[in-house]
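*Asks:* Under the numbering used here, the sequence shown is numbered contiguously, ending at residue 299. All C-beta atoms in this analysis are idealised placements derived from N, C-alpha and C, irrespective of residue type, glycine included. Here you go, one structure.
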Amino acid sequence: MKQQFFTVIHGASRTRSGSRAAHAGPHRPGVRLPVKPAVLTLRGMVPITLYTKSTCPFSKKAKQLLDEKGVPYEEIAIDLAPSKRDEMIAVSDGRTTVPQIFIAGRHIGGYEDLLKLESMGQLDALLERSGDQPSL
């Protein structure tokens, strides 16, 4: 069986129902760890991480789009966890605006980039193509 991995990013995850689950541990962000099959919660879905600010309208719109699709995601609110701002800047090649969106470890960009993928019909395809990636 092919070994599956996930990348450690501390923060809160959202499930399909919208509830949050905290993920924390001694691992550094960006560390790839093996995932046991029991950890995979949704087949065909990929891990999505959003760096957001709680008052940002574009962050809210990005979350709303993903919520409408019923897609679980991890939200890292950098205004509520200021230490995560530097992490966001590092993993998004110096970008300081929010949201910064990652799908299956791939940097998508901000809300406008997510919306563009959706309007071109590529967002669902991106999620499906990456469907063998683990979801937390």
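For Ala288, does the three-state DSSP call read helix, strand or coil?
*Replies:* helix
*Asks:* Among residues of its own chain, excluding the 5 on either side of Thr218, which ones have a beta-carbon nearer than 8 Å to its beta-carbon?
*Replies:* Asp242
*Asks:* So who's on the other strand from Leu280, going by DSSP bridges?
*Replies:* DSSP, once it has assigned bridges, lists no residue as partnering Leu280.
*Asks:* Would you give the residue range spanned by the alpha helix (DSSP H) that Leu229 belongs to?
*Replies:* Pro220 to Glu231
*Asks:* With a threshold of 8 Å, are at least 3 pairs of Cβ atoms found where one atom belongs to the region 220 to 230 and the other to the region 268 to 280?
*Replies:* yes
*Asks:* Considering only residues of the same chain and omitting the five flanking positions on each side of Leu229, which have a CB-CB separation below 7 Å?
*Replies:* Ile211 and Tyr236
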